[in-house]
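Visitor: The sequence shown runs -16 to 283 under the numbering used here.
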Amino acid sequence: MTILYTAPTAIRAFMKWGDQWPAKHDLSRLRLLGSVGEPINPEAWMWYREHIGGNRCPIVDTWWQTETGAIAISPLPGITSTTPGSATQAMPGFSVTLLDTNANEITVGGGLLAITKPWPSMLRTIWGDDARYVETYFSKWPGRPDIYFPGDGAKRDENGNFWILGRVDDVLNVAGHRIGTMEVESALVEHPAVAEAAVVGKAHELKGQAIAAFVTLREGFTQSSAMRDELREFVAQKIGAIARPDDILFSADLPKTRSGKIMRRLLRDIAEGRALGDTTTLADPNVVSALKEMYEAQES
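#1: Determine the contact status of A45 and I35, defining contact as a CB-CB distance below 7 Å.
#2: If you check the beta carbons only, do R247 and V183 fall under 7 Å apart?
#3: Do K239 and I231 come within 7 Å of each other at the CB atom, strictly closer than that value?
#4: Tell me the residue span of the alpha helix (DSSP H) that contains Q281.
#5: If we ignore side chains and look at the alpha-carbon of each, how far apart do T80 and A73 end up?
#6: By Cβ distance below 8 Å, which residues in the same chain neighbour F217 in space, the five residues on each side in sequence not counted?
#7: Given a cut-off of 7 Å, decide if G20 and Y(-12) are closer than it, judged by their beta-carbon atoms.
#8: Taking 7 Å as the limit between beta carbons, can you name the residues of its chain near R150, skipping five residues before and five after?
#9: For H160, which of D140, I194, F132 has the nearest alpha-carbon?
#10: Quick one: complete beta strand (DSSP E) runs, 3+ long, within the segment 2 to 51?
#11: Apart from the five residues just before and just after I162, which ones in its own chain have a Cβ nearer than 6 Å to its Cβ?
#12: Restricting to Cα atoms, I'd like to know which of A176, A219, Q192 is closest to E202.
#13: Within 10 Å of its beta-carbon, does E279 have 16 or more other beta-carbons around it, so buried, or fewer, so exposed?
#14: Assuming Q233 and V198 are in contact, meaning their beta carbons sit under 8 Å apart, how far apart are those beta carbons, in whole angstroms?
#15: Excluding the 5 residues flanking D83 on each side, which residues of the same chain have their C-beta closer than 8 Å to its C-beta?
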């Protein structure tokens, strides 16, 4: 094997198990590492490079969708200068930019990801439902039916590199402040005790939304109220007091699809006390019911 292409969730699981496992194996044949499925936090990127790639393999952090039919944003290995956590720039053949809600381009800062021209592998319709195709992908900006909206938010730095923030519906409105779940998750996994974190919003009568975090600790760290308080303060220091999680639930595992993506929709159901949605795509459906029982016990 010369190429390893995996999800950040899997990389953080490797981090949790410990550096000693990859160290036991000869990984010298690897020549290229890839990340896919969700934004990768800088710490996971660095661990991947050091412990899997031996500080010699380039990493391609790729953004794409089933609908795009190909990788749309990614560094070209050996050509593009990389920054941990950034998917860098659009691939040849893709015209990708950031827009505000009025379709004005954002050169530096946060906005909505948009593809402004047709590309070779684009989807042409939804089978049997042309109207849904237009409504889902080409109606975000009234008067601009030529712009494809993938549903993701991103930011662009001074070098023109894209930093994918995740689905727009994963942006929380906490007391009038817009906070990306990815921002809080990245802050949590920067803490040396945290292997993995998933953040969702829950309804709150005063703030509109409150932050609930599901956290998996690394080997050697113990779940406790002191650790919970420490993590809350850590996030507040990294982002600001408004981003301090209201709830933190420790869990040995998180609900994931068979491809390794965390099912945040199910975590929202748990945090808001709703009946659980469809769990058929989960690798282990038992994880969800166990989490629900733990969360209900903590709330009571």
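Even for Gly, the Cβ is constructed at its ideal location relative to N, Cα and C.
Guide: Taking the coordinates as given:
#1: Here residue 45 refers to the residue found at position 62 of the sequence shown. Here residue 35 refers to the residue found at position 52 of the sequence shown. First, the residue type needs correcting, since residue 45 is Thr and not Ala in the sequence shown. Taking 7 Å as the cut-off, the beta carbon of T45 is found no closer than this to the beta carbon of I35.
#2: Residue numbering aside, residue 247 sits at position 264 when the sequence shown is read from its first letter. Residue numbering aside, residue 183 sits at position 200 when the sequence shown is read from its first letter. For R247 and V183, yes; Cβs fall inside 7 Å.
#3: On the sequence shown, residue 231 is found 248 positions in, with the first residue counted as 1. On the sequence shown, residue 239 is found 256 positions in, with the first residue counted as 1. No, the pair does not count as a contact, with Cβ atoms beyond the cut-off.
#4: Here the question's residue 281 lines up with position 298 in the sequence shown. Start and end: 269 to 282.
#5: Within the sequence shown, residue 80 is the residue found at index 97, counting from 1. Within the sequence shown, residue 73 is the residue found at index 90, counting from 1. Per the coordinates, the alpha-carbon of T80 lies some 9 Å from the alpha-carbon of A73.
#6: Position 234 of the sequence shown, counting from 1, holds the residue named residue 217. These residues qualify, in order along the chain: A170, L171, E173, H174.
#7: The residue labelled residue -12 in the question sits at position 5 within the sequence shown. The residue labelled residue 20 in the question sits at position 37 within the sequence shown. Judged by beta-carbon spacing, G20 lies beyond the 7 Å limit of Y(-12), meaning their Cβ atoms are not closer than that value.
#8: As a first step, residue 150 is located in the sequence shown; it is residue number 167 there, counting from the start. So the qualifying residues of the chain are G134, D135.
#9: Within the sequence shown, numbered from 1, the residue matching residue 160 stands at position 177. Residue I194 is the option with its Cα nearest to H160.
#10: Whole beta strand (DSSP E) segments, 3+ residues: 15 to 18, 42 to 44.
#11: For this step, residue 162 is matched to residue 179 along the sequence shown. Excluding the 5 residues flanking it on each side, I162 has same chain C-beta neighbours closer than 6 Å at L155, A226, in chain order.
#12: As a first step, residue 202 must be located in the sequence shown, where it is residue number 219. When only C-alpha atoms are compared, the closest one is A176.
#13: Counting from 1 along the sequence shown, the entry for residue 279 is found at position 296. E279 sits exposed, since fewer than 16 C-beta atoms from the chains shown fall within 10 Å of its C-beta.
#14: For this step, residue 233 is matched to residue 250 along the sequence shown. For this step, residue 198 is matched to residue 215 along the sequence shown. In the sequence as presented, Gln is not what sits at residue 233; that position holds Phe. Going by Cβ atoms, the distance from F233 to V198 rounds to 6 Å, so yes, they are a contact pair.
#15: Position 100 of the sequence shown, counted from the start, is the residue given in the question as residue 83. If you ignore the 5 residues before and after D83, its C-beta comes within less than 8 Å of the C-beta of I89, G94, L95, all in its own chain and listed in chain order.
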